[in-house]
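Read through the structure below, which is laid out as structure tokens, and then see the notes.
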Amino acid sequence: MCCDGTLFKFVDIDATGPDPSWPDNIIKLVSVDNVLSHPCPAHQSGLCVIYHDRPTQCREFSCTLLTQLDAGEIERQDALLVIQETLSLKTAFVEAVSKVMDAENLASPTKLFYEFRTRFRDKFETKTFRKAHAAIFLTHARLMHVLRTRFHDWE
Numbered sequence: 003m004c005c006d007g008t009l010f011k012f013v014d015i016d017a018t019g020p021d022p023s024w025p026d027n028i029i030k031l032v033s034v035d036n037v038l039s040h041p042c043p044a045h046q047s048g049l050c051v052i053y054h055d056r057p058t059q060c061r062e063f064s065c066t067l068l069t070q071l072d073a074g075e076i077e078r079q080d081a082l083l084v085i086q087e088t089l090s091l092k093t094a095f096v097e098a099v100s101k102v103m104d105a106e107n108l109a110s111p112t113k114l115f116y117e118f119r120t121r122f123r124d125k126f127e128t129k130t131f132r133k134a135h136a137a138i139f140l141t142h143a144r145l146m147h148v149l150r151t152r153f154h155d156w157e
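The following block contains the structure:
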């Protein structure tokens, strides 16, 4: 989830720029300020194609769940269950939003919720609107809670 845009919108590339060993199609996507937007183009079929030469920010990041697993605070099977449940929440959230608007940015739940809120800003605070779209609000709140407590507290 760190590479698909769920946790992060981008990764800062090391000051020296992209590693010359990276495939050209990935190097071309690095912005002039050395940022690679997510979903990360190096994350393909569940694997990082630049894993051995990945950016420092990627090498140094360890989500809360992985830290707990490494410390023996959670069993592997339980950690996998948390990941599966989180991915299911993300899917449910995207599906709920897709019923009322085009969900173009499926990677970032935060951006998708912002777009939802912006699109319906004139109705957003009304009880009628919130009741009609309760599934979106509840699923988003549950997803954000799990992401912050199990993966990465970015606030």
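For the sequence shown, the residue numbers in the working numbering are 3 to 157.
We put the beta carbon where it would ideally sit given N, CA and C, even for glycine.
- When the alpha-carbon of L67 is set against those of T120, I76 and T112, the nearest one is in I76.
- Ranked by how close their Cα comes to the Cα of L38, the residues Q70, K113, D16 and P22 have D16 in first place.
- A residue is called buried once 16 or more other Cβ atoms fall within 10 Å of its Cβ, and G7 is buried on that count.
- Per DSSP, reduced to three states, the secondary structure at F95 is helical.
- Taking 8 angstroms as the upper bound for CB-CB distance, M3 and T88 are in contact here, some 7 angstroms apart.
- In the structure shown, H45 falls within a strand segment according to DSSP collapsed to helix, strand and coil.
- Scanning S64, F115 and V102 for the CA closest to the CA of F139 turns up F115.
- Here the alpha carbons of D14 and A137 stand approximately 34 angstroms from one another.
- Annotation for A98: A137, I138 and T141 place their beta carbon closer than 7 angstroms to its own, counting only its chain and skipping 5 residues before and after.
- Judged by DSSP in its simplified three-state form, V84 adopts helix.
- The continuous beta strand (DSSP E) containing V13 extends over residues F12 to D14.
- In the three-state DSSP reduction, C50 falls in the strand class (E or B).
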